[in-house]
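J.:
Numbering (this note's numbering), first residue to last: 2 to 565.
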């Protein structure tokens, strides 16, 4: 998986295979804790005898539980779409593998003015779209205008709305001018959001274009085939300006059940998947598996949470939300669901990183305190039936999550049991991913939800938590609204000095901890496994897939012949 920008924050559709380490923020890499980037021990005849020189050819078959939704990146909020679109389109710049510096891509250079209000980009002149047309600044201008257009239903416009003016300078240079300081400015261009071919899309209905399922890109791969609900294939771009990738084809097989996926892995049907903790710890410790596959273990750059629809009367009182948090044993979740392969968190930032407010600690499991808070909010078991009630209504709600994700279903089941013990009824409902997002989350048709967020190294949380971001397909879908939180989020993004900026995000974490719009559950470890015939894997804070175009299979061990 290509690094996903914070501005490309995504819902976690499946156990991520390799993702950012969330240096300051989150979703599925190394945080300096545990065995970040370490492969399992065990020799392999495949790796030991293989020649070391790279070779072209073969295919990488990946397992995923979720189909993509839309390969126009600004219109899609799911991680499947982000991953695949990130292989078809190229960003202007990108984070390096340490997530601490930026590297050039479509932009060969850039300069930032001394006051930080202007960024000037110089584009490469040797890039072409895969239909042969040249890529130039007008494509970026078209994407920029499109994402800012109020008629474009996107959650990602915020970064680009901060730009006062975009000055086009010839065909291969432009400058963006900001009205006021904007700390995440440069990082916002490390995405593919505004990389679109003007010559194809300028006369299209952007909300209903075939391009969303059949894109023309300028990245390392080209869409080859997409069979809804079954598979998506991309094939290497021979004219990619950075050189043809070694692996000829990437194919995602959509397998909604992780145990079935694991059987396919062992049977040779797929080469790469994210293991469940049970698979990682207890089902892969055989000699046969270790001879064929390498396992990796590192903290993800994401977190899993229980979110409450704050427009629902049940959840309007923060004492109720605090009570629910106290009623959930999060260490039980880590031990029982993750088998210890994770850690608790109280805030939407990666544990162990600089942006975390160390004074904000997870509230303890305390069912007695939970009952006290419920009572303060007027919820008591008045009729002795074991369920809290108020004004004749029971405290009962529907808890939804996506199917195919074993961890989330187990998490929901354990939460259900704990809440039942204090008189709260949670009724679990699982949904197919696209229906889950499009029909329930986007339309706010839910009471409570178990989901996950992925983000990039910048600490800005504006598009998820600011009260202005509650519109259709926007990311504050729980409806959080705290004027002081809005204020500190606004000040944080306007401050360049890291020490001063941290003060605002420290306060934001205190507010979110007090309000509990989410019960933050845990940060899981990413547990990808890859067949050992693949070489060139370079574990790093950005995960294992930051250099996917450099992976290769030695000729003697190639399995698939790719015809074009």
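Where a beta carbon is used, it is the ideal one built from N, C-alpha and C, also for glycine.
May I ask you to verify whether the segment 496–509 touches the segment 262–280, counting CB pairs closer than 8 Å and requiring at least 3?
T.: Segments in contact, no.
J.: Please state whether DSSP places residue 146 in a helix, a strand or coil.
T.: Residue 146: helix per DSSP, three-state reduction.
J.: In three-state DSSP terms, what is residue 76?
T.: It is helical.
J.: Could you tell me whether the Cβ atoms of residue 56 and residue 554 are closer together than 9 Å?
T.: In contact: residue 56 and residue 554 (Cβ atoms closer than 9 Å).
J.: Would you identify the three-state DSSP class for residue 212, choosing helix, strand or coil?
T.: Of the three classes helix, strand and coil, the one that applies to residue 212 here is helix, per DSSP.
J.: Based on Cα-Cα distance, which residue from 521, 144, 64 lies nearest to residue 303?
T.: The option with the nearest alpha carbon to residue 303 is 521.
J.: For residue 533, is the classification buried or exposed, using 16 other Cβ atoms within 10 angstroms of its Cβ as the cut-off for buried?
T.: It is buried - the Cβ of residue 533 has at least 16 other Cβ atoms within 10 Å.
J.: Can you give the Cα-Cα distance for residue 329 and residue 378, rounded to whole angstroms?
T.: Going by the C-alpha atoms only, they are around 18 Å apart.
J.: Can you tell me which residues form a DSSP beta bridge with residue 55?
T.: DSSP lists no partner for residue 55.
J.: Taking the straight line between their C-alpha atoms, what separation do you get for residue 197 and residue 205?
T.: Between residue 197 and residue 205, the C-alpha separation is close to 12 Å.
J.: In the DSSP assignment, what are the bridge partners of residue 325?
T.: Paired residue(s): none; residue 325 is not in a bridge.
J.: Would you kindly report the start and end of the unbroken beta strand (DSSP E) that includes residue 294?
T.: Element bounds for residue 294: 294–300.
J.: Compute the Euclidean distance between the alpha carbons of residue 527 and residue 413, then round it to the nearest angstrom.
T.: Their Cα atoms are separated by approximately 20 Å.
J.: DSSP three-state label for residue 343, please.
T.: In the structure shown, residue 343 sits in a strand (DSSP, three-state: E or B).
J.: Quick one: Cα of residue 156 to Cα of residue 386, how far?
T.: Looking at the two C-alpha atoms, the distance is approximately 44 Å.
J.: Using the DSSP secondary-structure output, state which residues sit across from residue 529 in a beta bridge.
T.: According to DSSP, which records beta bridges pairwise, residue 529 is partnered with 275.
J.: Kindly indicate which residue of 217, 53, 76 has the alpha-carbon position closest to the one of residue 134.
T.: Taking only the C-alpha atoms, the option nearest residue 134 is 217.
J.: Under DSSP, the beta strand (DSSP E) around residue 101 begins and ends at which residues?
T.: Taken as a continuous stretch (DSSP letters only), residue 101 belongs to no beta strand (DSSP E), as it is neither H nor E.
J.: Between the Cα of residue 464 and those of 444, 493, 107, 365, spot the shortest distance and give me the residue it belongs to.
T.: Checking every option, the nearest Cα to that of residue 464 belongs to 493.
J.: Run the CB neighbour count on residue 485, radius 10 Å, all protein chains shown included, and call it buried at 16 or more, exposed below.
T.: Label assigned to residue 485: exposed.
J.: Just to confirm, are residue 89 and residue 271 a CB contact at a threshold of 9 Å?
T.: No.
J.: By Cβ distance, which residues of its chain are closer than 7 Å to residue 1, with the 5 residues on each side in sequence left out?
T.: Because the chain spans 2 through 565 in this model, residue 1 falls outside it and cannot be assessed.
J.: Taking the beta strand (DSSP E) that residue 467 falls in, what are its first and last residues?
T.: Note, residue 467: premise wrong, no beta strand (DSSP E); not H, not E.
J.: Tell me which residues share the same chain as residue 396 and place their Cβ nearer than 6 Å to its Cβ, disregarding the 5 neighbours each side in the sequence.
T.: Cβ within range, chain order: 380, 389, 425.
J.: Mapping the DSSP letters down to three states, classify residue 90 as helix, strand or coil.
T.: Correct three-state label for residue 90: coil.
J.: Check residue 122 in the structure and name its three-state DSSP category.
T.: Strand.
J.: For residue 523, which residues does DSSP report across the bridge?
T.: Per DSSP, 305.
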